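Scroll down for the structure; my scribbles are underneath it.
Pasting the structure below:
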């Protein structure tokens, strides 16, 4: 099938010429293909943003062997809880995807006590500020800590499917977040 499409002229400023030259080089001298690819990606992202979605990138895997996964979605809830098994803390995030699915992203930090110091007699950490904690004096730094832990990524087709994998309190928080508008534009 042939489609008759007239040639189009795009005027490019002199300052942007190196950008087009590099795109042509990376695309194997097929600049038209590179431009179409970039426009498709631009349209996908901008249309998603108009309905309250963002490009989400999360870590998956264990410390030292992380991978990154990216998708369009909106975070509904971020939840902090003690690990069900053993010591440590879980940070759970539930996202609604552009495909109307639900993502449960879990970061597990074991031995949180090490990071915050031993609790005082009321059970509160002695070092509320991270800067003075054992974490930093133990040779760790922010770059090491910020991606430490184990990360899990699960996709669920429905809210009911997600419900079986989270606490009742987290599930209630997700349903409340779903009742709110995905994006509220304020004229302030």
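Residue numbers (this note's numbering): 490 to 677.
Where a beta carbon is used, it is the ideal one built from N, C-alpha and C, also for glycine.
Quick caveat, the model's predicted, so the values are computed rather than measured.
Can you list, in chain order, the residues of its chain whose CB lies under 6 Å from that of residue i, leaving out five sequence neighbours each side?
i           : result
residue 569 : 580
residue 582 : 564, 567, 594
Within its chain, find whatever has a CB closer than 8 Å to the CB of residue i; leave out the 5 residues flanking it on each side and keep chain order.
i           : result
residue 557 : 546, 547, 548, 549
residue 561 : 533, 534, 537, 542, 543, 544, 545, 586, 587
residue 509 : 501, 520
residue 513 : 519, 520, 523
Using only alpha-carbon positions, find the residue among the options that is nearest to residue i.
i           : options            : result
residue 647 : 660, 530, 635      : 660
residue 498 : 511, 662, 524      : 524
residue 666 : 651, 656, 584, 526 : 584
Rounded to the nearest angstrom, what separates residue i and residue j at their Cα positions?
i           : j           : result
residue 522 : residue 530 : 12 Å
residue 532 : residue 573 : 43 Å
residue 635 : residue 551 : 13 Å
residue 645 : residue 505 : 43 Å
residue 578 : residue 571 : 5 Å
residue 554 : residue 588 : 28 Å
residue 559 : residue 500 : 33 Å
residue 676 : residue 668 : 22 Å
residue 663 : residue 527 : 34 Å
residue 516 : residue 590 : 33 Å
residue 713 : residue 649 : Because the chain in this structure spans residues 490 to 677, residue 713 falls outside the shown range and cannot be described.
residue 652 : residue 503 : 56 Å
Okay, do the stretch 639-658 and the stretch 578-597 touch, 3+ Cβ pairs below 8 Å being the bar?
yes
Three or more C-beta pairs closer than 8 Å, one from the stretch 526-543 and one from the stretch 659-674: is that the case here?
yes
Where are the beta strand (DSSP E) runs, 3 residues long or more, that stay fully inside the stretch 520-563, in chain order?
543-549
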